[in-house]
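Chains as they are written, first to last, in this note's numbering: chain G, 906 to 1219; chain C, 15 to 458.
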Amino acid sequence: MAVTIAKERWSSKCLEVALGSGPKQIKVGGETTLPFLHFEGETPNAPVVALEIFDAQPQEWPDFLSSVYEGVLGDPAAWAKKCVEYGADLVALHLSRTHPDQGDASPEDAAAVAADVAAAIDVPLIVLGCGVDEKDAAVLPEVANALAGKNCLLGCASQENYKSIVAGCIAGGHAVIASSPLDINLAKQLNILITEMNLETDRIIIDPSIGGLGYGLEYAYSIIERMRTGALMGDKMLAMPVVLLVGQEAWKTKEAKTPDTPDWGEQRKRAILWEVATATSLIHAGGHIAVVRHPESLKHIKEHIAKMMKPQAY
Amino acid sequence: MALTGLEIYKLLPRTNCKECGQPTCLAFAMQLAAGKASLEKCPYVTEETKEALGAASAPPIALVKVGVGEGVLEVGNETVLFRHDKRFEHPTGIAIAVPDNLGPEELGARVEAINGLNFDRVGQMHSVDLVALENVSGDVAAFAKAAKLVGEKTSLALILISEDPKAMEEALKETAGAKPLLYAATSENYEKMAALAKQHDTALAVKGQNLDTLADLVAKVTAAGVKQLVLDTGAREANQVLGDQTQLRRQALKRFRPFGYPSITFAKSPDPVARVVEAGVHIAKYAGIVVLDTVDRAEILPLVTLRLNIYTDPQKPIAVEPKVYEIGAATGNSPLYVTTNFSLSYFCVAGDVEASRVPGYILTVDTDGTSVLTAWAAGKFTPEKIAAALSESGAADKVAHRKVIIPGGVAVLSGKLQELSGWEVLVGPRESAGIPAFLKQFWS
Ligand code: SF4
Chain G
906 MAVTIAKERW SSKCLEVALG SGPKQIKVGG ETTLPFLHFE GETPNAPVVA
956 LEIFDAQPQE WPDFLSSVYE GVLGDPAAWA KKCVEYGADL VALHLSRTHP
1006 DQGDASPEDA AAVAADVAAA IDVPLIVLGC GVDEKDAAVL PEVANALAGK
1056 NCLLGCASQE NYKSIVAGCI AGGHAVIASS PLDINLAKQL NILITEMNLE
1106 TDRIIIDPSI GGLGYGLEYA YSIIERMRTG ALMGDKMLAM PVVLLVGQEA
1156 WKTKEAKTPD TPDWGEQRKR AILWEVATAT SLIHAGGHIA VVRHPESLKH
1206 IKEHIAKMMK PQAY
Chain C
15 MALTGLEIYK LLPRTNCKEC GQPTCLAFAM QLAAGKASLE KCPYVTEETK
65 EALGAASAPP IALVKVGVGE GVLEVGNETV LFRHDKRFEH PTGIAIAVPD
115 NLGPEELGAR VEAINGLNFD RVGQMHSVDL VALENVSGDV AAFAKAAKLV
165 GEKTSLALIL ISEDPKAMEE ALKETAGAKP LLYAATSENY EKMAALAKQH
215 DTALAVKGQN LDTLADLVAK VTAAGVKQLV LDTGAREANQ VLGDQTQLRR
265 QALKRFRPFG YPSITFAKSP DPVARVVEAG VHIAKYAGIV VLDTVDRAEI
315 LPLVTLRLNI YTDPQKPIAV EPKVYEIGAA TGNSPLYVTT NFSLSYFCVA
365 GDVEASRVPG YILTVDTDGT SVLTAWAAGK FTPEKIAAAL SESGAADKVA
415 HRKVIIPGGV AVLSGKLQEL SGWEVLVGPR ESAGIPAFLK QFWS
């Protein structure tokens, strides 16, 4: 009995966003179907994986995470290079030192670090602020200026602080991460506000504020699925690619932090699995860029993506 | 196809007598269409209507039971492609493989390890569901002997994996009472396998080489009278499994009858991370049962957690009771935090208050189980509601001071709240992870 393959006729597609420049430029998005359903439509670009670095020595990292970056943890540029050696598609620089409680580094200071890192690598750079709206509003435009022309991805812009960040991105030729708290309508609204400032729609990446595995992952899973179906049905304000800030969520979980126990098994294996499983589940919901911390997570996620990019035999 | 509310309405008496508990026949029809009411509630439906509706309302995917007693596993009965469309009904059964060529001691130890794969999460136990005994020895007697031993050692449901009807027959002599799932009927053996499934009234897995051969085989097996089926498309590569599982679900929802059964998949990569990732994809993308070859607790924990997440009912926000919670040995001088009664918000704050090592109180405001920012945006987390919760919850009797800490994300509420409640409002961190640092700075 020949089974007729069931295909949805989607009317539209995800937006395609280009990041970085030169031979290592990366494109994400552009799909005309749900994740990895090659029998139904095109997936011109595979999801990509970034490794996350910090402008300050990380505190409280388990040994098996900090040891893979031994010798470079205090030097963001060297750390970024190490990430490229490990095979990162992009590097995400987290400006944690700009946080008012963690050094309150000045915008100029932060911009200088970002410029150093950008000069050290040829893959696209993501720069993440400290998460305090007012501070990011001051820091990121400065960073945008220092990185002008490098086509980086800067964020996160929220409902509260998007104006100055988006203005900085427009002036410096960067893409922006639009971040909203686990709510598809708020995400859409922020995208509208940003495009009203005349940033092109293909210069926006959505951060849906994911939860880690076991910590609200299902909310992000469904919001991302709804964004993808929305995009495929023609909603231009949900059609932007999605970034998954996995590392910060996965590594703060109890499951990643608890040492070896008879009940939960080996910590190293468990923590990496936590990071990998959070990323891959959300990639299967429709995520495009996963930001992770452990190079082994990077390797496993990329291997899985490579398998999934092979067409189905129908 | 399932009938729409309007189509069902046309089949009802349309007298609006209200006996079904709905104000009108139309309202009842809408409830039926949404699967929220059952037809028996209306005493006036005709036989023809029952038939028309019965056929249309039979679940697109059959409910299949494996095992008996407390170990019984139910899979199937799914109605949607996306969990946000309604919900996923029956969590994927996790099966752990056991080869039949182990010595009795090793075999016993393996089954013990599987029995122990239980994990406590927020007071609930989550476990694997099945033991899958594989006839890797190819030997009939060895398979039967191992089946007997496994059956004695576990109360979990069983899968008997052998394509040899003779081996299956012998193993069933030892385990038929446990109602195992027989895996599998193939184009070579289906007549005998179907006969065994009928004789012992067990569920039968049907294994094709692809979707076409699977549909053929299902037709033959159902013609032989077996009704409890589990489908295997034969795919083992991650990309093909995703495609096939998607096809099975889509076709079933379109009422293509041969695919109206739950599925079984295998994630048996020798690489631990790859098998967990792939089993995770199977759980999210429609597998009824997934078989893995590991008893490593570090591998199973993420999978039972993912299953819990994906199979949570998205229409039911998980809420905690709105009240004052005590974390640690809190006293009259302990800090008082306010958050919403969204369970995740509460658990995050509770975890970080614990981490701060300073005992405290958490007042959860009833926001219908929505998170802080969502509730705030929806007008459910307002100064008025927080002030009311402060006075009605008895918080004032627990603490001697009059200071309350609100989430940093809703700092804008502080002025109004202070005015309404008379409490001093401290703006806490945006993320609960910042609580320990916040306390050091602002609480003495
Ligand atoms: S009981 Fe039947 S006839 Fe009466 S209102 Fe309900 S659906 Fe209509």
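Cβ coordinates follow ideal geometry from the N, Cα and C atoms, glycine included.
In this structure residue 1013(G) touches residue 1047(G) by the C-beta definition: roughly 6 Å separates them, less than 8 Å. In the DSSP secondary-structure assignment, residue 135(C) is bridged to 138(C). Taking a cut-off of 7 Å from the heavy atoms of the ligand SF4, the residues with a C-beta inside it are 26(C), 27(C), 28(C), 29(C), 30(C), 31(C), 32(C), 33(C), 34(C), 36(C), 38(C), 39(C), 42(C), 55(C), 56(C), 57(C), 58(C) and 59(C). Distance between residue 312(C) and residue 58(C), taken at the CA atoms: about 56 Å. For secondary structure counted as the beta strand (DSSP E) over 3 or more consecutive residues, the segment 344-407 of chain C holds these complete runs in sequence order: 350-354 and 374-379.
The alpha-carbon of residue 1124(G) is positioned some 25 Å away from that of residue 399(C). If the five residues before and after residue 1165(G) are omitted, its C-beta is found closer than 7 Å to the C-beta atoms of 1171 and 1172, all from its own chain and listed in chain order. For residue 930(G), the nearest beta carbon of chain C is not closer than 8 Å to its own beta carbon. According to the DSSP assignment, residue 1061(G) belongs to no alpha helix (DSSP H) but to the beta strand (DSSP E) extending over 1058-1062. In this structure, 315(C) is the residue among 307(C), 315(C) and 259(C) with its C-alpha nearest to the C-alpha of residue 1169(G). For residue 356(C), the closest C-alpha among the options 125(C), 382(C), 255(C) and 18(C) is that of 382(C). With contacts defined as CB atoms closer than 8 Å, residue 1004(G) and residue 1037(G) qualify as a contacting pair. Residues of the segment 1121-1139 of chain G with a C-beta less than 9 Å from any C-beta of chain C: 1121, 1122, 1123, 1124, 1126, 1127, 1128, 1130, 1131 and 1134, listed in chain order. For residue 1036(G), the nearest CB of chain C lies under 8 Å from its own CB, placing it at the interface with that chain.
Proximity of the segment 16-28 of chain C to the segment 1196-1212 of chain G falls short of the contact definition, fewer than three beta-carbon pairs being nearer than 8 Å. When 7 Å is used as the limit between beta carbons, residue 1218(G) is near these residues of chain C: 254, in chain order. Below the 7 Å Cβ cutoff, chain G contributes 908 as neighbours of residue 225(C), in chain order.
Sequence-distant partners of residue 19(C) (beyond 5 residues in either direction) whose C-beta falls short of 6 Å from its own C-beta, in its chain, are 43, 44 and 47. Cβ-Cβ separation between residue 1189(G) and residue 934(G): approximately 16 Å, too far for a contact (criterion under 8 Å). DSSP places residue 150(C) in the coil class of the three-state scheme, outside both helix and strand. In the displayed model, residue 198(C) falls within a strand according to three-state DSSP.
Contact residues of the segment 1143-1157 of chain G toward chain C are 1157 (C-beta to C-beta distance below 8 Å). Burial state of residue 1076(G) is exposed, judged by a 10 Å Cβ sphere holding fewer than 16 other Cβ atoms. The DSSP assignment places 968-971 and 981-990 as complete runs of the alpha helix (DSSP H) inside the segment 965-1017 of chain G, in order along the chain (cut-off: 4 residues). Proximity of the segment 439-446 of chain C to the segment 413-427 of chain C meets the contact definition, three or more beta-carbon pairs being nearer than 8 Å. Annotation for residue 173(C): the continuous beta strand (DSSP E) segment containing it runs 171-175. 319, 320, 323, 324, 326 and 328: these are the residues of the segment 317-336 of chain C whose beta carbon lies less than 7 Å from some beta carbon of chain G, given in chain order. A contact between stretches requires three or more CB pairs, one per stretch, nearer than 8 Å, and the segment 409-416 of chain C fails this requirement with the segment 1106-1123 of chain G. Beyond the five residues adjoining it in sequence on each side, residue 168(C) comes within less than 6 Å, by CB distance, of 125, 129 and 145 in the same chain, given in chain order. As the crow flies, the alpha-carbon of residue 162(C) is around 11 Å from that of residue 114(C). Residues are counted here when their Cβ sits less than 8 Å from a Cβ of chain G; for the segment 282-313 of chain C these are 286, 287, 288, 290, 291, 292, 294, 295, 298, 299, 310, 311, 312 and 313, given in chain order. Here residue 49(C) is exposed, its C-beta having fewer than 16 other C-beta atoms within 10 Å. Look at residue 1178(G): its C-beta is under 8 Å from a C-beta on chain C.
Residues of chain G whose Cβ lies closer than 7 Å to the Cβ of residue 261(C) are, in chain order, 910 and 911. When secondary structure is reduced to three states using DSSP, residue 163(C) falls in the helix class.
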